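Sequence order for the protein chains is B, H and P.
Taking the working numbering, the leading residue of the first sequence gets 4, the next gets one more, and so forth.
Taking the working numbering, the leading residue of the second sequence gets 9, the next gets one more, and so forth.
Taking the working numbering, the leading residue of the third sequence gets 12, the next gets one more, and so forth.
Every residue gets a Cβ at the ideal spot worked out from N, C-alpha and C, and that includes glycine.
Remember, it's a predicted structure, so these values are computed and weren't measured experimentally.
For reference, the structure is listed below as structure tokens.
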Amino acid sequence: MNAPVKTLEERKSELQGMGDSRLRKEDARFIQGKGQYCDDIKLPGMLHMDIVRSPVAHGRIKKINKDPAMAIPGVHAVLTADDLKPLNLHWMPTLAGDVAAVLADEKVHFQMQEVAIVIADDRYIAADAVEAVEVEYEELPVVIDPYKALEPDAPVLREDLAGKTEGAHGPRDHHNHIFTWEAGDKSAADDAFANAPVTVSQHMHYPRVHPCPLETCGCVASFDPVKGELTTWMTSQAPHVVRTVVSMLSGVPESKVRIISPDIGGGFGNKVGVYPGYVCAIVSSIVLGRPVKWSEDRIENISTTAFARDYHMDGHLAATEDGKILGLKVDVVADHGAFDACADPTKFPAGLFHICSGSYDIPSAHCSVKGVYTNKAPGGVAYRCSFRVTEAVYLIERMVDVLAQKLNMDKAEIRKKNFIRKEQFPYTSAFGFEYDSGDYHTALEKVLDAVDYKALRAEQEQKRNDPNCPTLMGIGLVTFTEVVGAGPSKICDILGVGMFDSCEIRIHPTGSAIARMGTITQGQGHQTTYAQIIASELGIPSEVIQVEEGDTSTAPYGLGTYGSRSTPVAGAAIAMAARKIHAKARKIAAHLLEVAEGDLDWEIDRFKVRGNEEQFKTMADIAWAAYNQPPEGLEPGLEAVHYYDPPNFTYPFGIYLCVVDIDKGTGESSIRRFYALDDCGTRINPMIIDGQIHGGLTEGFAVAMGQQMPFDEQGNLMGNTLMDYFLPTAVETPTWETDYTVTPSPHHPIGAKGVAESPHVGSIPTFNSAVVDAFAHLGVTHIDMPHTSYRVWKKLKEEGVQL
Amino acid sequence: MIPPSFEYHRPSSVEEAVGLLSSLGSEVKILAGGHSLLPMMKLRFAEPEHLVDINRIPELKGVRVIGDDIVIGAMTSENAVIADPVLNAKVPLLPEAAKNIADPQVRNRGTIGGDIAHGDPANDHPALALACDAIMTVVGPNGTRQVPASEFFLGTYWTALEETDILTEITVKAFPQGAGYAYKKLKRKTGDWATAACAVVVALSGSSVSHIRITLTNLGPTALRAYDAESILMGQSINDDLIRQAAAKAMEICDPAEDLRGDAEYKTAMAGQMVQRAINEALAKAS
Amino acid sequence: MAKQIVKMNLNGQEIEQLVDSRTLLVHFLREQMNLTGAHIGCETSQCGVCTVDIDGESVKSCTHLAVQCDGCEVKTVEGLAEGGVLHAVQEAFYEEHGLQCGYCTPGMLMTSYRLLQDNPNPTEDEIRIGLSGNLCRCTGYQNIVKAVKSAAVKLQQKESATA
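What follows is the structure in structure tokens.
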């Protein structure tokens, strides 16, 4: 009996390819408690490492007494910088061209810095041993404020750099100066300002925050002394780069180093860097010849692993009287903490901050970023954003609002007036970025209509005129453009390795497939969405496509997952690898059907002979033939590897609108409405996109409304547990409304741009715009984040509007 | 974060527990819900040699009615307080306010007695106990004694409990007929302690106030009762102006510690806000 | 070291184990019993990724001693599915995309499971309050709330099917 003939639509939908809200392949293990995260790994004979940390932010180590710790039964070793010195591992290179102490070498530079490690039978004994190690410090003057760090008589923080007038990014003009980096055309910008009828300036601090994934960092290092092989399970967003770094540091050949990123409990940029804990666990395993586990606790995670932001920014716009922007200037003082350990492409010490001309056609622009050492933890990562793009978007969106206020223009109108127009793409910005595609006007109109912007403004007007109204109402609007998908390896590299990404696909004889990738999912759903790309490209059902990532011994080399680069770079690698297979499959199909390749048409899951619908070969037929009867001159098998070096970045954009009501009595902000329209180009899995947007908006909400890492004058980080550090619960979190337009990227094989970070990047200035807007009628142009009730109340009081 | 070693004891009666507290020396702590003590131990701020777990002493749990008295076992969990029909009918402030304490899981473990005995001014039950004129029953090596809430809280982490004492019961009376009540708590997020909080119980006779309690959480070294604020309202027919005056009086007794929630000025101002809002809400419920 | 014998019913099995007094329940489950579903996130009882069910109540196992479970019935996420059949909350989290990195998921599931036992037909507000002891950094909770609503419907349908 013949099976009923399926329609094209049925065949397409059975593939669950691109555009399908396919349920996630990875969920089965997670909902049954069978995920395998780093701390779940248990090896025979495994020891536990814990870290002795400095209570002071700046000090000289006078003495370390290991004896009381060594006397505890079950303690195997206590190691300090002096023990690592003979191995030359007491310092390590950072991604930013600086060095960082692995264990404090004579001096500590920030509170909670790693001073010694203990290795014990279990984590309880290790914790006791940490308490027992005695360290004496001589306290030194502490510098927390980066401006004060640059004063002539500021304490010298990095004695190890004494006399070094040249850093990795040019001259150093002060002992606490790291680099000054510039982009754009200064004289053109200066000219624009000199001749402009209107200029505005605003100082703003984007506070230091922490990505704070629910899983902290950790690793299990296992060195096999017999084989000389090192296997390390690690919470890493970039296992291949880690392998290269570990090999360089340890001297173990890269072929004998295996880094495995198992399931990762959220990354958000926190798990990009190589931390002292990893290095120490690896060293301990090599020294002791046994597996060693290190699991960070929450206080350690917030206090010492990569923070984000901490940019002190001065923005300036020059414009015509009717609001056309003529020039942009930005000066930034960037607090990098004690070591420059920013995770940025090598040539960009301020990341892609020069995307700060935003969605606007600005003829001249210049920015300058000065990196500074302070007595704070090192880091400076993309917390759910491409490199420093969050800071850039915040800056330009704030400045456009400030200009609108100065000119008494509506913030939607001024944006429409300055948008890069649809027909201008590809558009080269004053900073030299080539924006791939966009249609900002259409997207903005869609949002303004959806929320009835006019009615909101009318309501606000009425409330402002009512002195008895218990709330202030604010409307925030942001129209952002991101730059993601780093990046073209001619300009982007990490430690000299170009920022390509990779994919290897093997089609098995029976038509199922495996794809291995250089990226690593941390919740983005790669195992689901990558399969969808292959399904659409090759006509193989998603369900039979396995996706593997994170094991450097099996996956092709890739730069990892951060900066929204998985879809723009690895997603492209998948499509390109699939197309190589597709090309070979066409040859095999032609051979099987005994026609010329040019006589074949591809249709969903098969090659058809043009003009003869009945004659076709499905990809499953072709796979079998590839292993069974390949055409003469063609290698057997059906697989391909592709290393994709993107020709350009991608430029997702979005239009976000937020309505906030502020309680005049308490300063509490209530998010009444948040409408988020995202354009990430081609949409692979709408369900997953929506989920990513919900999550990004929620993290943005946390940053804007509550996250802070306050330091006292002694350099103590106040609030380093989740009792204080703000992670909103389901109660505080607003309900999100999402929408989209689709403007594919013209240079990306499937037109996709990346999405997970847009909602974080775009929402933060939106919340800020809304809170400031609530005060705008009082002449307020800017309020620094976070907008905690306390800080907002102080503003209410200052403006005399508190109840 | 790992707690230091200790010996674990699990008495099955109050008598046995008091005996253990007396015999184990000074480095002994009572383990009730554990959500204050265990984190302190994990941070090594507390390193007791012995823990006496009083979770398995049946007589310390549940709510009983004895004549006019409503007797709440000290080890009654917050969620049990929230669900208790007697409390909901007769002292509804307690279940209402308990919903604002910590989070759902913590409320399964956290107990009314643990919250009170800790002496932390940031805890919510001390101010609630003051608002309810609660009587604390304390059992020690020398027997049982009763301490009114007004004499129980002596300072930060300092109460009328001796080291060898156990708080066993909290006794309250039913609210006056038709009394209104409210607990207004300003906090940064779910699970947080109060930036400022106020409990109000008010009863009316006709339109004038016949009974009033105004108490404050986390606004001084102990929970506070705002006597002067109460006096402004007692016997009066309440209006907005009187409420503002009462709030101003309550603010006068505030002496909050500065922390990440805010400085003293903000917290005191928030005390004023919470007092006004609590009075209004309580009045709306009063009949 | 002060070790004690602890007996408990763990996911339906009677077990007897020697534990140190200070061993936290979450470490006992993960390291001694090899049940790694309950995770460790904050260690100060804010995040709820360690949530398990003890005698019918949701408890944060990072702030609970293993010795305190003597004589108790303890259920972890590994005990949620019965006879190879997923529980309705597990199905619903999958269907509604209620998880991303999966780290909070076991705790979310255990809290949701108990929430629906106690309140079979919760409102959105009740769900949000009921889950307010569990943090998630990935989902923004919106799909988790949907999942719990959906699980409530599934459970009611199962209930009426067997009635």
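Considering only DSSP beta bridges, list what residue i is partnered with.
i                      : result
residue 211 of chain B : B:312
residue 483 of chain B : B:657
residue 54 of chain B  : B:120
residue 156 of chain H : H:143
residue 520 of chain B : B:506, B:552
residue 3 of chain H   : Because chain H here runs from 9 to 295, residue 3 of chain H falls outside it and cannot be looked at.
residue 151 of chain B : Its beta-bridge partners do not exist; DSSP assigns none.
How about residue i: is its C-beta nearer than 8 Å to some C-beta of chain H?
i                      : result
residue 123 of chain P : no
residue 84 of chain P  : no
residue 50 of chain P  : no
residue 796 of chain B : yes
residue 42 of chain P  : no
residue 33 of chain P  : yes
residue 90 of chain P  : no
residue 216 of chain B : no
residue 98 of chain P  : no
At least one CB of chain P closer than 8 Å to the CB of residue i: is that the case?
i                      : result
residue 46 of chain H  : yes
residue 20 of chain H  : no
residue 117 of chain H : yes
residue 198 of chain H : yes
residue 733 of chain B : yes
residue 141 of chain H : no
residue 444 of chain B : no
What is the C-beta distance between residue i and residue j, in whole angstroms, given that I count them as a contact (C-beta under 8 Å)?
i                      : j                      : result
residue 102 of chain H : residue 144 of chain H : Actually they do not touch by this definition, with Cβ atoms about 15 Å apart.
residue 89 of chain B  : residue 788 of chain B : About 47 Å; that fails the 8 Å criterion.
residue 88 of chain P  : residue 21 of chain P  : Residue 88 of chain P to residue 21 of chain P, Cβ: 12 Å. No contact.
residue 275 of chain B : residue 49 of chain B  : With a Cβ gap of about 26 Å, residue 275 of chain B and residue 49 of chain B do not count as contacting.
residue 467 of chain B : residue 780 of chain B : 5 Å
residue 34 of chain B  : residue 110 of chain P : 7 Å
Is any beta-carbon of chain B found at less than 8 Å from that of residue i?
i                      : result
residue 281 of chain H : yes
residue 72 of chain P  : no
residue 268 of chain H : yes
residue 251 of chain H : no
residue 101 of chain P : yes
residue 16 of chain H  : no
residue 134 of chain H : no
Whose C-beta lies closer than 6 Å to the C-beta of residue i among residues of the same chain, with five residues either side of it excluded?
i                      : result
residue 44 of chain H  : 126
residue 141 of chain P : 126
For residue i, which residues in the same chain have their Cβ closer than 7 Å to its Cβ, ignoring the five residues on either side in sequence?
i                      : result
residue 243 of chain H : 216, 217
residue 598 of chain B : 612
residue 566 of chain B : 385, 389, 390, 487, 489
residue 96 of chain B  : 102
residue 670 of chain B : 792, 793, 795, 796, 799
Excluding five sequence neighbours on each side, which residues of the same chain lie with their C-beta closer than 8 Å to the C-beta of residue i?
i                      : result
residue 169 of chain P : 99
| said: Counting beta carbon pairs with one atom in the segment 354-373 of chain B and one in the segment 452-459 of chain B, are three or more of them shorter than 8 Å? | reply: no
| Should the segment 691-701 of chain B be regarded as contacting the segment 372-381 of chain B, the criterion being three or more beta carbon pairs within less than 8 Å? | no
| Between the segment 119-137 of chain H and the segment 20-34 of chain H, are three or more C-beta pairs nearer than 8 Å? | Output reads no: the segment 20-34 of chain H does not touch the segment 119-137 of chain H.
| said: With three or more C-beta pairs closer than 8 Å as the rule, is the segment 381-390 of chain B touching the segment 526-534 of chain B? | reply: no
| request: Pair every Cβ in the segment 437-455 of chain B with every Cβ in the segment 419-426 of chain B, then say whether three or more of these pairs are closer than 8 Å. | output: yes
| Should the segment 158-170 of chain H be regarded as contacting the segment 41-61 of chain H, the criterion being three or more beta carbon pairs within less than 8 Å? | no
| message | Contact between the segment 473-483 of chain B and the segment 764-781 of chain B is defined here as three or more beta-carbon pairs at a separation below 8 Å; is this criterion met? | response | A contact exists between the segment 473-483 of chain B and the segment 764-781 of chain B.
| request: Specify whether the segment 574-592 of chain B and the segment 642-649 of chain B touch according to this definition: at least 3 beta carbon pairs, one from each stretch, less than 8 Å apart. | output: yes
| query | Are three or more beta carbon pairs between the segment 57-70 of chain P and the segment 141-155 of chain P nearer than 8 Å? | reply | The count of Cβ pairs closer than 8 Å, one atom from the segment 57-70 of chain P and one from the segment 141-155 of chain P, reaches three, so the stretches are in contact.
| message | For the segment 541-560 of chain B against the segment 655-666 of chain B, do three or more pairs of beta-carbon atoms, one drawn from each stretch, fall closer than 8 Å, so that the two count as touching? | response | no
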